[in-house]
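Structure first, then comments.
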Amino acid sequence: MLEHQIKKFQNLLEKTEEARDWYNKNIEEIKQILEYIKNDISVKAEDNIDTIILKKYIEYGNMKDVQKYIDDLGYRIKTESYIGSRKYTAEDISQVVYPYEKGDEKPREVNADEMLKEVVKKMHLYIFNSSYGKLKVREFNK
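Numbering follows the numbering used here, with no gaps: position 115 of the sequence shown is 395.
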């Protein structure tokens, strides 16, 4: 009988330590994000469109405002249509902020500083999940 209680509390201890490690990792990531965004992240003349999108995502925290900013600056995506270009969509912005596979297409290659890309990716996951009242979900840590 006592063995059963020992096993139960050992299991509880393991799960608690695992949760602590997970929260500690979240704390470290949030500290990294804060440290990065405290630096100068203003848009510079030499910044390319991907870098501008990522920096503005840090500033605004959502795709819609970034899309409006990019459109207001007059940036367009070249197309094969008779018009020759189109405005950026939320999907285009999303592919820069958090590249993902779309059907058979590979994730978009983002032309920006690796640290900037990593900070924005982590930031996006925290913003996305905080809207559901929880910390980053484990599936995104893979």
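Ideal Cβ placement from N, Cα and C applies to all residues, glycine included.
Please read all numbers here as calculations on a predicted model, not as lab measurements.
Glu385 carries a strand assignment under DSSP once its states are collapsed to helix, strand and coil. The beta carbon of Thr369 lies closer than 8 Å to those of Gln347 in the same chain, with the five residues before and after it left out. In the three-state DSSP reduction, Ile357 falls in the strand class (E or B). Restricting attention to alpha helix (DSSP H) runs no shorter than 4 residues, the segment 318–343 encloses them at 329–340, ordered along the chain.
In this structure, His404 places its C-beta atom within 7 Å of the C-beta atom of Tyr378. Remark: C-beta atoms of Met395 and Ser374 do not approach each other more closely than 7 Å. Looking at the backbone, the Cα of Arg356 and that of Pro387 are separated by about 20 Å. Inclusion of Ile321 and Ile338 in the CB contact set at 7 Å is warranted, their separation being smaller than that value.
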